[in-house]
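Under the working numbering, the first residue of the sequence shown is numbered 72, with each subsequent residue one higher.
Just so you know, even glycine gets a beta-carbon here, dropped at the ideal spot from N, CA and C.
To start, the structure under review is shown below, and the notes come after it.
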Amino acid sequence: AGAGEAAKGAPFAKRCAACHKFESGGPNGVGPNLFGVVGRAVASHEGYEYSDAMKTFGAGKTWDEATLDTYLANPKATVPGNKMAFPGVKAEADRANVIAYLKTLAP
């Protein structure tokens, strides 16, 4: 994906807020808290019970831009059996914007 715009990704990410929280030190929701997700080891957020599928997929991986882009495009195809019911973000520009926004959620 190309370079996204965090200012456009923030409102788009509101649709993720049904299941994910974005605050530093915030709770997990139906899905893990996404503060600091970019650069974090996959399936590693403390206190969240990941599916076996996500744990297997995540072995040795980090949520970098490329991994997030692939996953967000089609979560079920990327990690069959994962808990996320969301169908994915089809538009590359939307994914780039969301990832740019997620990059701002760091200490």
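Of the residues assessed, residue 110 falls on the exposed side of the cut-off, its CB having fewer than 16 other CB atoms within 10 angstroms. Here residue 125 has 114, 150 and 153 as same chain residues with Cβ atoms under 6 Å from its own Cβ, once five neighbours each way along the sequence are excluded. In the same chain as residue 94, and ignoring 5 residues on each side of it, the C-beta atoms closer than 7 Å to its own belong to 106, in chain order. Counting the other Cβ atoms within 10 Å of the Cβ of residue 166 gives 16 or more, which makes it buried.
Taking all protein chains in view, the Cβ of residue 98 is surrounded by fewer than 16 other Cβ atoms within 10 Å, so the residue is classified as exposed. Burial is judged here by how many other beta carbons sit within 10 angstroms of a residue's own beta carbon; residue 168 has at least 16 and is buried. Cα atoms of residue 164 and residue 123: separation of roughly 30 Å, rounded to the nearest angstrom.
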